[in-house]
Amino acid sequence: MRKLIGGGNIVRSRVKRMKSVPKTSPQVPSAMASGALFDPATHVINIFLDPPQYTVMENVGTMKVKVSKTGTGWLGVKLDVLVDYSVNGTLRFTPADQCFYIDIPIIDDDIFEEDEHFYVLLENLRVLDESTGRFIKNSTSTFPDLERQLTKELPLSQILSPNRATVVILDDDHAGVFSIEHEEYIVPENSGVVNITVKRSSGARGLVAVPYATLDGTAVAGKDYTKTSGILEFENNETEKTIEIGIINKEEYERYEIFSLFLSTPICDESTRDDSLSSRDRKTKEIAEKGRPKLGRISKCRIKIQESKEFKGLVDKMMKKANVSDAVGTHSWKEQFNDAFTVRSSEEDANVDLEEDNLPSCCDYVMHFISVPWKVLAACCPPTEYYNGWACFVVTIFLVGLFTAMIGDLANHFGCTIGLKDTVTAISLVAMGTSVPDLFASKVAAVQDKYADSSIGNVTGSNAVNVFLGIGLAWCLCAIVSWLRSEEDGFRLKAIEKVEPGSLAFSVTLFCTEAVICISIIILRRHKCFGGGELGGSWKNKITTAVIFLGMWATYVILSTLETYCVISGF
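Structure follows, in structure tokens:
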């Protein structure tokens, strides 16, 4: 319609007028306008935060946040810095600047708080207009790309990611977490002392007292180490203390004992607490309570006392030079029979390191003449030097069985002579005769060994052999003999070996009942109030336990005898 009335093309006229208006955007430098080869991407000014994450202590004072710039742009830029989304200041970069540091003060107080954080942001980027000398909003320019024969529209500057930095403030007002440095310490007995380090972490505010004490294990205070207890006082900002425990040197060849050190609940100095705590809200008080001192993961440690390597090495060298096999072994039957007929002092055997010879006492002569027959029989064993001791071992086992059979037969003959029934003879004379060697072996083990395992284990092991091997082997031989005899007579199917129980049920029931009582007493003796161990302890505990056990044995023999003679009824 406008063409008909002579108005022309209104769109084309509008475009011509817009092109004739001069632009106010920053001008491209002459080097770029002339088409010089360059990389447009590296020319753009890039502003960003580096790094984007900060962690500082509350007492740092002032922290710095780094703002970096890259690019070879020729213009100055300005941008706003926001702290927790509020404008905190403005940064201005000249073409020569590469980075700026923002100083942010951190307020320190004496109140425990949870870890806090805030943000630092970059916004509102402006560029310098060279024609007016004023900063205007960021705009774009057309840059030639001679490599591709085209132009690019790129921003003069831009804020890149990360444009937000997170600052975490760690509270330093916690009273501390107290832990022992190591869970286990191994110390030689000749060291004299062991030093246990207690460390304070996660804060060191205020005066804190940490109680500590040692606890017996296999090592006993006063015998193996010095009992230690007390309170460690950590001053304000003090992070480490040492506990010294004395170790007693017993000069043992082999030693392995354990005791413990434990820390109790730390106690905070109440005078350093904030008096206004009671007037705060519940949540604030709960946070403040979290700042009280507490124990860490390792609040108890084990200390292992071992033998001195130097002492053990010295003993090993001496034993090697002295050839111990000569001291404990024999070379000939002549030597063994000489020892069997020679009267020796008991003190000489107990103290081999005495320089003077001790004469035998009257008791030594009496015991010698009583034991001469047994010494002569023992001297018949091959010397330990023959076949590396195997000949002595085999013959000794045979003699042990022979002696046991002799003792059993003698006891049976004695019982028949005085008119005792076989059952009574078995539980009294025969049992005592075969158990006396076990009794002395357990006594020696209890005296010489530091633990009760060997002594009590010898009793249970001997009874296990008597019950399982003794009855099983005897019954097996009896069954084989009966089977062979029945085959000779032609009545194999009728060969049934029967043994009447007699008073076995009553005797076994009584024995099992007293065995349960005995085991219960041994378990009770493990507690400190009953002695603290299966064997030993105070004189009162030892006598009481011995009387109870002897009384149970006498009760067993008396009741079984009465039931055998039908004085009391069994079942």
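Everything in the sequence shown is counted per the working numbering, starting at -5 for the first residue and increasing by one.
Quick reminder that beta carbons are idealized off the backbone N, C-alpha and C, glycines included.
Just so you know, these numbers come straight off a predicted model, no measurement behind them.
**Request:** For Gln330, count neighbouring Cβ atoms within 10 angstroms of its own Cβ and tell me buried if that reaches 16, exposed if not.
**Result:** buried
**Message:** Here's the rule I'm using: 16 or more other beta-carbon atoms within 10 Å means buried, otherwise exposed. How should Ala213 be labelled?
**Reply:** buried
**Asked** Whose C-alpha, out of Leu226, Asp78, Leu69, Glu557, is nearest the C-alpha of Ile237?
**Response** The candidate whose alpha carbon is nearest that of Ile237 is Leu226.
**Message:** What residue range does the alpha helix (DSSP H) around Val59 cover?
**Reply:** Counting along the chain, Val59 falls outside any alpha helix (DSSP H), though it belongs to the beta strand (DSSP E) covering 56 to 64.
**Message:** Does Glu329 come out as helix, strand or coil in the three-state DSSP assignment?
**Reply:** helix
**Request:** Note down, one range per segment and in chain order, each alpha helix (DSSP H) of at least 4 residues found wholly within the segment 485 to 549.
**Result:** 498 to 518
**Message:** I'd like the span of the alpha helix (DSSP H) that includes Ser436, first residue to last.
**Reply:** 425 to 442
**Item:** Neighbourhood of Thr503 by C-beta, 7 Å cutoff - its chain only, sequence neighbours within 5 removed
**Value:** Counting only Cβ-Cβ distances below 7 Å, and skipping sequence neighbours, we find nothing.
**Prompt:** When the Cα of Val461 is compared with those of Phe505, Phe392, Asp443, Asp447, which residue comes out closest?
**Reply:** Phe505
**Sequence-distant residues of the same chain with beta carbon closer than 7 Å to Ala385, five excluded per side** = Pro376
**Request:** State buried or exposed for His168, treating a residue as buried only when at least 16 other CB atoms are found within 10 Å of its CB.
**Result:** buried
**Request:** Would you check if the distance between the CB atom of Val61 and the CB atom of Cys93 is smaller than 8 Å?
**Result:** yes
**Prompt:** To which residues of the same chain is Ala373 closer than 8 Å at the C-beta, ignoring the five residues directly before and after it?
**Reply:** Cβ within range, chain order: Trp327, Gln330, Phe331, Asp333, Ala334.
**Item:** Proximity below 8 Å, CB of Ser173 to CB of Arg291
**Value:** yes
**Item:** Beta carbon of Leu257 nearer than 8 Å to that of Ser293
**Value:** yes
**Backbone secondary structure at Lys369 - three-state DSSP** = helix
**Request:** Give me the Cα-Cα distance between Glu141 and Val75, rounded to the nearest whole angstrom.
**Result:** The pLDDT assigned to Glu141 is 48, lower than 50, so where the model puts this residue is not dependable; a value taken from the coordinates is nonetheless given after this. Those two C-alpha atoms are separated by around 38 Å.
**Item:** Pairwise C-alpha distance: Val453 and Ala440
**Value:** 12 Å
**Item:** Where Phe335 sits in the DSSP three-state scheme
**Value:** helix
**Request:** Determine the contact status of Cys523 and Met546, defining contact as a CB-CB distance below 8 Å.
**Result:** no
**Message:** Short of 6 Å in beta carbon distance, which residues of its chain neighbour Glu52, apart from the five on each side in sequence? Order them along the chain.
**Reply:** Asp102, Ile163, Asp165, Asp166
**Message:** List, from N- to C-terminal side, the beta strand (DSSP E) runs of 3 residues or more that fit wholly inside the segment 67 to 97.
**Reply:** 71 to 77, 80 to 87
**Request:** From the DSSP output, read off the bridge partner residues of His111.
**Result:** Val162
**Request:** Check each candidate in Ala420, Asp123, Leu414 and name the one with the smallest Cα separation from Ala399.
**Result:** Ala420
**Asked** At a cut of 8 Å, does the segment 242 to 257 reach the segment 295 to 309 through at least three beta carbon pairs?
**Response** yes
**Prompt:** Where does Pro149 fall in DSSP's three states?
**Reply:** strand
**Message:** Can you give me the C-alpha to C-alpha distance between Glu232 and Arg286, rounded to a whole angstrom?
**Reply:** 16 Å
**Request:** Specify the secondary structure class of Asn230 as computed by DSSP and reduced to three states.
**Result:** coil
**Coarse secondary structure for Lys244, derived from DSSP in three states** = coil
**Request:** Verify whether the separation of the beta carbon atoms of Thr56 and His111 is less than 8 Å.
**Result:** no
**Request:** Assign Leu289 to one of three DSSP states: helix, strand, or coil.
**Result:** strand
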